[in-house]
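Report on the structure given below.
Residue numbers (UniProt numbering): 1 to 191.
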């Protein structure tokens with residue numbers, strides 16, 4: 001080994017990951033205490049969106065929730081296993097529209113109440129931890145990252161570290177970074 005294992009040092013993200021996992025587990029406990037053993041907290045957002053916006057393709061649903069297609073596909077697979085959603089043919093043969101089942105629709109009033117209660121609990125928590133409001137810290141962090149991206153911050157700090165790649169790949173990366181060799185004319189340029 002060339003250096004100590006960096007994963008053994010302090011991980012500044014771990015407390016946030018732990019907090020999010022703990023909160024999600026506690027929301028799931030609210031569900032279980034009310035007899036909803038098959039419903040996961042991550043199902044609420046897409047289920048409520050479908051209830052209010054109607055059937056959507058996976059792509060439409062992912063975009064409306066600002067999630068990746070892959071993440072929504074995985075969530076919908078779990079929801080389908082639990083009988084909360086189904087699909088119907090879309091406008092063309094390549095797409096399917098996701099719909100709520102009767103079971104999915106029956107959960108909407110509870111999930112809306114849980115959503116509002118969770119938002120109120122977060123507001124109470126924010127007030128409790130003032131002046132270090134979690135919501136304000138997240139907004140301030142997002143604003144700082146808009147001013148200077150995480151990519152830029154990491155790139156400035158990583159130094160000359162490069163993954164093992166072929167000399168051709170290294171040269172292509174160097175040219176891309178410096179703008180050398182960019183096509184200025186020819187097929188596809190400017191079209």
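Ideal Cβ positions, reconstructed from N, Cα and C, are used throughout, including at glycine.
Pairwise C-alpha distance: residue j and residue i
i	j	result
residue 22	residue 15	10 angstroms
residue 117	residue 27	10 angstroms
residue 180	residue 126	50 angstroms
residue 63	residue 115	20 angstroms
residue 174	residue 146	26 angstroms
residue 18	residue 10	14 angstroms
residue 65	residue 45	8 angstroms
residue 155	residue 162	11 angstroms
residue 153	residue 159	11 angstroms
residue 31	residue 170	52 angstroms
residue 6	residue 121	36 angstroms
residue 176	residue 167	14 angstroms
residue 38	residue 60	25 angstroms
residue 29	residue 131	29 angstroms
Cβ-Cβ distance between residue i and residue j below 9 angstroms
i	j	result
residue 85	residue 104	yes
residue 100	residue 134	no
residue 40	residue 78	yes
residue 102	residue 43	no
residue 68	residue 95	no
residue 87	residue 72	no
residue 49	residue 110	no
residue 51	residue 129	no
Where residue i falls: helix, strand or coil (DSSP)
i	result
residue 89	strand
residue 80	helix
residue 162	coil
residue 100	strand
residue 57	strand
residue 167	helix
residue 186	Note on residue 186: pLDDT 44, under 50, position unreliable in the model; the coordinate value appears next. Three-state result, residue 186: coil.
residue 130	coil
residue 39	coil
residue 14	helix
residue 118	helix
Beta carbon proximity, residue i to chain D, threshold 9 angstroms
i	result
residue 48	Of the protein chains in this structure there is only one, and it is not chain D.
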